[in-house]
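Numbered per the working numbering, the sequence shown spans residues 1 to 261.
The beta-carbon is built from N, C-alpha and C at its ideal position, and this holds for glycine as well.
This one's a predicted model, so the numbers in the text were calculated from it and none came from an experiment.
Take a look at the structure set out below.
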Amino acid sequence: MHPIVSRLASLAAGSVAACALTVGGVVAAGLPSAAHAQASVLLKNQSAKAVVETVDHDARELLLREANGHLITIEYGASVRDLPHVNAGDKLSIHFVETLGAEIAPPGSPLPESTLTTAKGYVHGHPRGVIAAFRRERATVQSIDLATHTLSFVTTDGESHVAVLRIKAMQDFMATLKVGDVIDITRMESISYLILNDTVAPAPADAASGAGAGAGAVPAAPAVPAVPAVPAVPTVPAVPGVPAAPAVPAAPAVPSAPAAQ
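Next up, the structure:
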C-alpha cells in the first residue's frame, strides 16, 4: 500500500487537481450510457492497520504509521467536530476510498459546492470516525484529442489544465464531449477508522500491591480461622470407698453324738 496523503481541509479554497485524471491502474466503478454524459471511477479502495504517531490539535492533523512503515497524513478542517478522541499510540483499522466523477453541467445550474461530512459511532464497543470530503469544480472544455486521450479545460478560477485520461471510463466520457461543453468534476476522498484498543479494567489496589503477585493473578482466599479447642471435661472425683462389712464369726462346732453299743 502506497503512502496516502489525504487533504480534507480547505475545501473551498483549493480547486480540484485536474491532473488527477491521469491516475492509471484503477478499476472503473461503472459508466452510464453516453446519453447521460457522465462517468464515475474508483481510484482507491484500501484497508490497513495503523498506529497514531502524533496528534497536532493546532494544525488539525493526524500522522499515522502503517504496519509496513508508511506514513499517512490526515488533515481535517476546523469544521470537523464529530470525530472520536484519538491519542498517540492508539491502534487503528483504517479504510480509504477515493472516487472521481465528471458530468455535463445542466445549463443554468448553480456552481457546485465542495462539502465535508463527518460522523462518529461505535462498532462492537470500539469508537469509529468517518471523514468524507467532496471537492467539486466546474470547468469548460478547451480542446479534445481522442488519439492521445488528452483533454484541456479551464476552471472557474481561471486556471487552465491539461489532463491525459488513462482510465477507460474517462476516455469514453471524453468521446461524448465537444469544445465549449461545461462539466462538473467531483473528487471524493473518504477515510474511516476504528480504534482497536481494548479497555482493560484496573486491578484492585490491594491485589496490585501484593508482593510477588503476577499480573492478573487471582488473590488467595483468606485463611479460615481455626476452631477453638473444646475444653477438656473435668475429671469426676472418685466415689469414696464403702467400708467393708465386719466379718461374721464362725458358728461353734456341734459335738457329735456318742456311738451306739
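{"query": "Three-state class that DSSP yields for A67 in the structure shown", "result": "coil"}
{"query": "Cα-Cα separation, A88 to G129", "result": "16 Å"}
{"query": "For Q38 and I104, believed in contact at Cβ under 8 Å, the rounded distance", "result": "7 Å"}
{"query": "DSSP three-state assignment for K168, whether helix, strand or coil", "result": "helix"}
{"query": "Short Cβ contact (8 Å threshold) for V182 with T150", "result": "no"}
{"query": "First and last residue of the uninterrupted beta strand (DSSP E) at V80", "result": "V80 -> no beta strand (DSSP E), and no H or E assigned at all."}
{"query": "Same chain, Cβ closer than 7 Å to T117, neighbours up to 5 away in sequence not counted", "result": "A132"}
{"query": "Sub-8 Å separation of V52 and L83 beta-carbons", "result": "no"}
{"query": "Buried or exposed (CB count within 10 angstroms, at least 16 for buried), Y193", "result": "buried"}
{"query": "Sequence-distant residues of the same chain with beta carbon closer than 7 Å to T54, five excluded per side", "result": "L63, A88"}
{"query": "CA nearest to the CA of V123, picked from F173, A102, N197", "result": "N197"}
{"query": "Whole-angstrom distance between P106 and Q142, CA atom to CA atom", "result": "18 Å"}
{"query": "Which listed residue (A50, R81, R136, L42) has its alpha carbon closest to that of R60", "result": "R81"}
{"query": "Those residues which DSSP pairs with A119 across a bridge", "result": "V130"}
{"query": "Extent of the continuous beta strand (DSSP E) run through L194", "result": "182 to 195"}
{"query": "Residue burial classification, H57 (beta-carbon count within 10 angstroms, cutoff 16)", "result": "exposed"}
{"query": "E75 vs M188 beta-carbon contact at 8 Å", "result": "no"}
{"query": "Enclosing beta strand (DSSP E) for D56 [first to last residue]", "result": "38 to 56"}
{"query": "Closest Cα partner of H95 within the set P112, R136, A48, A169", "result": "A48"}
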